[in-house]
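Using the numbering used here, you'd call the opening residue of the sequence shown number 1 and step up by one each time. C-beta: ideal position from N, C-alpha, C; glycine also. None of the values given here were measured: they were computed from a predicted structure.
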Amino acid sequence: MKRNNRLKEKIAFTIFSIVSFIIVIILFLIIAFIFVNGISVISWDFISKMPTDGMTGGGILPAIVGTLCLMLGSIVFSFPIGVLSGIFINEYLKDSIFKKFLSLMTNNLAGVPSIVFGLFGMSLFVNHLNFGDSIIAGSLTLGLLTLPVIITTTEEALKSVDNSVRIGSYALGASKLQTIKRVVLPIAYPNIITGLILSLSRVSGETAPILFTVAAYFLPRLPNSMFDQVMALPYHLYVLTTSGTNIEQSRPMAYGTALVLILIVLIFNLIANIIRKKLGQNVKMK
1 MKRNNRLKEK IAFTIFSIVS FIIVIILFLI IAFIFVNGIS VISWDFISKM
51 PTDGMTGGGI LPAIVGTLCL MLGSIVFSFP IGVLSGIFIN EYLKDSIFKK
101 FLSLMTNNLA GVPSIVFGLF GMSLFVNHLN FGDSIIAGSL TLGLLTLPVI
151 ITTTEEALKS VDNSVRIGSY ALGASKLQTI KRVVLPIAYP NIITGLILSL
201 SRVSGETAPI LFTVAAYFLP RLPNSMFDQV MALPYHLYVL TTSGTNIEQS
251 RPMAYGTALV LILIVLIFNL IANIIRKKLG QNVKMK
């Protein structure tokens with residue numbers, strides 16, 4: 001019996017290892033393909049100049065700045081609200097039908113197609129609130145898109161904190177708010193940052209929501225305020241590969257744009273992981 005169980009474990013482990021290896025290989029092949037085709041385009045002019053000649057020449061600076069504005073704007077909106085919502089659901093709501101309903105709706109919201117969020121953002125922020133096609137409209141729409149991920153990640157991070165920590169804090173006379181702020185959250189922060197990483201990765205590559213709320217086809221200037229329309233790397237890449245004035249001529253630029261987008265995501269992920277690691281070290285030291 002034990003031999004059969006060990007054999008099954010070995011078979012399962014081998015299968016999972018092979019599948020994981022294949023996934024990693026596919027990922028590296030995709031990145032390598034984009035790198036090989038896009039590296040020849042990357043230069044300081046490509047990163048720092050405005051697009052010209054119907055986007056077949058020049059650089060992609062407005063698209064880079066627009067993408068960074070949307071990423072930061074969406075996180076400024078969604079991260080605090082998502083963390084506070086996760087704290088409220090996990091720490092303050094007792095186990096009930098209402099709590100299960102909230103968790104179910106949050107999970108369902110995370111599965112809604114991004115184009116639906118784009119249509120909702122256009123209806124509410126662009127038309128009803130009269131923000132127009134602007135950074136604030138796009139940021140709020142992307143913020144709504146990432147909100148379920150942050151809420152769910154925060155809940156799971158708080159659930160992973162041993163309940164004895166809370167009991168010990170209460171025994172020392174701390175209130176519930178003090179316990180959450182000074183004991184529970186510092187322990188959960190490293191895992192909460194995971195939600196931030198996932199959100200940044202998703203926001204950076206979304207095209208449908210910004211298509212309806214902020215993205216411009218060709219806008220060779222930098223934004224002056226949150227109410228300006230901007231170019232963005234995902235939409236810029238979409239236009240270059242599907243409906244540009246000269247698709248074949250602009251194809252190298254498309255690969256370069258894709259490579260820059262990947263590098264931006266990688267940099268933000270590295271920064272978030274460094275923050276997560278430092279927070280984890282601080283918790284262990286305490």
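Would you say residue i and residue j are within 8 Å of each other, going by their C-beta atoms?
i, j, result
"S123", "M226", "no"
"T153", "I192", "yes"
"Y238", "T213", "no"
"A215", "A232", "yes"
"G121", "L140", "yes"
"N273", "I197", "yes"
"N108", "E155", "no"
"P252", "V19", "no"
"G82", "G195", "yes"
"V265", "S201", "yes"
"P220", "V230", "no"
"V165", "V184", "yes"
"I31", "I262", "yes"
If you run the structure through DSSP and keep just helix, strand and coil, what is residue i?
i, result
"T52", "strand"
"G66", "helix"
"G205", "helix"
"N224", "coil"
"A110", "helix"
"A174", "coil"
"F131", "coil"
"S43", "coil"
"K94", "coil"
"S17", "helix"
"V24", "helix"
"V36", "helix"
"S160", "coil"
Please classify residue i: is it buried, with 16 or more other beta-carbons within 10 angstroms of its beta-carbon, or exposed?
i, result
"F77", "buried"
"F131", "buried"
"D95", "exposed"
"I136", "buried"
"F98", "exposed"
"I22", "exposed"
"G111", "exposed"
"G168", "exposed"
"T14", "exposed"
"S160", "exposed"
"I75", "buried"
"F28", "exposed"
"S175", "exposed"
Here's a check: name, in chain order, each residue in its chain whose Cβ is nearer than 8 Å to the Cβ of residue i, leaving out the five neighbours to either side.
i, result
"I47", "G59, I60, L61, I64, V260"
"I210", "L70, G118, G138, T141, L142, A232, P234, Y235"
"G173", "none"
"E248", "none"
With DSSP as the reference, identify every bridge partner of residue i, one or two as the case may be.
i, result
"V230", "A215"
"G57", "T52"
Ignore the nearest five residues each way along the sequence and tell me which others in residue i's own chain have a CB closer than 6 Å to its CB.
i, result
"T67", "A232, L233"
"L158", "N90, A188"
"N269", "I197"
"D241", "Rather than Asp, the amino acid found at residue 241 in this sequence is Thr. Closer than 6 Å at Cβ, skipping near neighbours: A254."
"P51", "G58, P220"
Tell me which same chain residues have a C-beta within less than 7 Å of the C-beta of residue i, skipping the five on either side of it?
i, result
"Y170", "T179"
"L104", "none"
"F35", "L259"
"D228", "S134, I135"
"T106", "P148, I151, T152"
"G256", "G38, V41, I42, F46"
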